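The next block holds one structure in the form of structure tokens; read it before the comments.
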């Protein structure tokens, strides 16, 4: 929390986060172009502070390093200080503000990349991600059904046994990497979207695990792309809380459609 608040205390770093909110997946040069008063070294220094706080995550493609906004730490702050009954209203208003302010030409590379640091072992984290007895504690009450064999279903069902998320296992390498397809079924607007892809990557860092979740292969800014953007931070924050404290956050399943 201290690293997050320290990173957010600087106006330049907040501006960088705004730039990534407007257009995610930018190179250092693209970000630097917005700061005529700052050297490249200064921009890199601010980016490193944001990365250290996990507010920005990076992916390297060829010679280029792309930076992505990671809202999970901010979601953790919201979970700690915003009452659960107020959270859906806050998320709805935040989403509305984003839709009203964003540029129509933004997001040339539709992709969500999230990172969270959890005090646990890779084995326990893998079990939480793949064992049906754990998923209701952090995945909006939904129970996972899968045997983890490539080509087999990877699906989440609501407490009343309605299909919420459909998918197929594409790759499963315990306890390091899980790749699945993704089809949202909780909103009619998503029914025409083609399957996207979710990749879970687990890295051990001492007594902690770094979990990177990449949701990509969207055809564009589809209904699925927008709806999962509101859901993933809550899922990952809930997963972190569950593994570290044994407590479920008790999210309202309707928050998925925010």
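In this note's numbering, the protein residues as written are 11 to 268. By construction, the Cβ of each residue, glycine as well, lies at the ideal position given by its N, Cα and C atoms. Note that the structure is a prediction, hence the values are computed from the model and not measured.
Does DSSP put residue 25 in a helix, in a strand, or in coil?
helix
On the DSSP letters alone, give me the boundaries of the alpha helix (DSSP H) that residue 252 sits inside.
233–255
Classify residue 258 as helix, strand or coil using the three-state DSSP reduction.
coil
Which residues does DSSP list as the beta-bridge partners of residue 150?
None; residue 150 has no bridge partner.
Once you ignore the five residues that flank residue 149 on each side, which residues in its own chain have a CB closer than 7 Å to its CB?
166, 245
At least 3 beta-carbon pairs within less than 8 Å: the region 206–225 vs the region 133–142
yes
Suppose you measure from the CA of residue 159 to the CA of residue 173; what does that come to, to the nearest Å?
20 Å
Just the Cα atoms here: how many angstroms apart are residue 56 and residue 140?
36 Å
Following the continuous alpha helix (DSSP H) through residue 18, name the residue where it begins and the one where it ends.
12–18
Span separating the alpha-carbon of residue 142 from that of residue 43:
47 Å
Determine the DSSP secondary structure at residue 52, reduced to helix, strand or coil.
helix
Taking the DSSP output, what are the residues bridged to residue 188?
182, 210
Would you list the one or two residues that DSSP bridges to residue 125?
222
Tell me, to the nearest whole angstrom, how far the beta carbon of residue 269 is from that of residue 38; I am working on the premise that it is less than 8 Å.
Nothing can be reported for residue 269, as the shown portion of the chain is limited to 11 through 268.
Are the Cβ atoms of residue 124 and residue 196 separated by less than 8 Å?
no
What separation, rounded to the nearest whole angstrom, lies between the Cα atoms of residue 129 and residue 86?
14 Å
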